[in-house]
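All the letters of the sequence shown, read from the start, carry residue numbers 228 to 436 under our numbering.
Here a beta-carbon is modelled for each residue, glycine too, at the ideal position from N, C-alpha and C.
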Amino acid sequence: MSTSPTLTQRLRPNWLRTRFGPHGRAITRLHATLDGALSIREAAFLHTVARGRRTIVEIGSYRGKSTVIMALAEPNARITAIDPHTHEHTPKPEADNHAIFHRTLLAHGVADRIEHWRRGSRGAAADWDGPPIDLVFVDGDHTYEGAKGDLAEWSPLVAPGGVVAAHDTFRRRYEGCLRAWEQTIAQDRSFGPTRRVRTIAWARKHAAS
């Protein structure tokens, strides 16, 4: 029986580079092995947008998929991951997601660059004493009030040229997340136009004049 690679196997590396750039194979491997709700295109977006960004805040980490993807994209990044890891509003509430999150970070060698705030995000921005933030990724409380609070509290801390992004901003299932985005970032003149990668909405803060 022949063990030579099929045409699809031979072409796959080139397809990945065309679709997701030189990091395509790494992105698809991470997407396949990490537990989380990101699509492959959303994983590729986070990997791309994190590169070159030193200070990242993630609101809602679940089991660490997006955390690891961003950390491996930029070896010099330090990420503050905010998640209370309670059992409410998680896809698998019966599991110890807190323990799984930390095992995931250790398994991928990024635990020393992640500061975990095990708390809710409401009011957490008032305790931020770090530098201006290069990237904020919001994927926490999916209610209208929760998403709007996260965007309103953290977006002023984003550095000029930095990015704010939010997951699940679509009307069919998470109308509140979409409405929160439209009433905060989309109307904030300090940010450029909203762009989208599947269910992620994102915008770049205008550079200082």
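Are the CB atoms of residue i and residue j nearer to each other than 9 Å?
i: residue 434; j: residue 412; result: no
i: residue 333; j: residue 290; result: no
i: residue 362; j: residue 282; result: yes
i: residue 389; j: residue 348; result: no
i: residue 340; j: residue 309; result: no
i: residue 338; j: residue 325; result: no
i: residue 405; j: residue 397; result: yes
i: residue 253; j: residue 280; result: no
i: residue 307; j: residue 357; result: yes
i: residue 364; j: residue 301; result: no
i: residue 369; j: residue 336; result: no
Residues in its own chain within less than 8 Å of residue i by CB, not counting five upstream and five downstream?
i: residue 418; result: 382, 391, 412, 430, 431, 432 and 433
i: residue 263; result: 289, 290, 291, 292 and 293
i: residue 353; result: 380
i: residue 235; result: For residue 235, the predicted structure reports a pLDDT of 46, less than 50, and the residue's modelled location is therefore unreliable. A value from the coordinates is still provided. Excluding sequence neighbours, residue 235 sits near nothing in its chain.
i: residue 342; result: 305, 306, 307 and 308
i: residue 378; result: 365, 391, 393, 407, 408, 411 and 412
i: residue 399; result: none
Within the same chain, show all residues whose beta-carbon is closer than 7 Å to that of residue i, passing over the 5 residues directly before and after it, in chain order.
i: residue 373; result: 367
i: residue 351; result: 309 and 344
i: residue 355; result: 384
Just checking my contact of residue i with residue j at CB under 8 Å: how many whole Å lie between their CB atoms?
i: residue 425; j: residue 269; result: 5 Å
i: residue 371; j: residue 407; result: 6 Å
Enumerate in chain order the residues of its own chain whose CB-to-CB distance from residue i is below 6 Å, with the five nearest sequence positions on each side excluded.
i: residue 387; result: 432, 434 and 435
- Inter-stretch contact at 8 Å, needing at least 3 Cβ pairs: the segment 291-303 / the segment 257-274: Because the criterion of three Cβ pairs below 8 Å is met, the segment 291-303 and the segment 257-274 touch.
- Task: Go through the segment 376-417 residue by residue and report every complete run of the beta strand (DSSP E) that reaches 3 residues or more, in order.
- Result: 385-393
- Segments assigned beta strand (DSSP E), at least 3 residues, entirely inside the segment 286-313: Segments of the beta strand (DSSP E) lying fully in the segment 286-313: 305-309.
- Please list the segments of the alpha helix (DSSP H) lying wholly inside the segment 313-366, counting only runs of 4 or more residues, in order along the chain. Qualifying alpha helix (DSSP H) stretches, in chain order: 324-334.
- Query: Using 8 Å as the threshold, is the segment 296-313 in touch with the segment 262-281, meaning 3 or more CB pairs across them?
  - Reply: With the cut-off at 8 Å, the segment 296-313 and the segment 262-281 touch.
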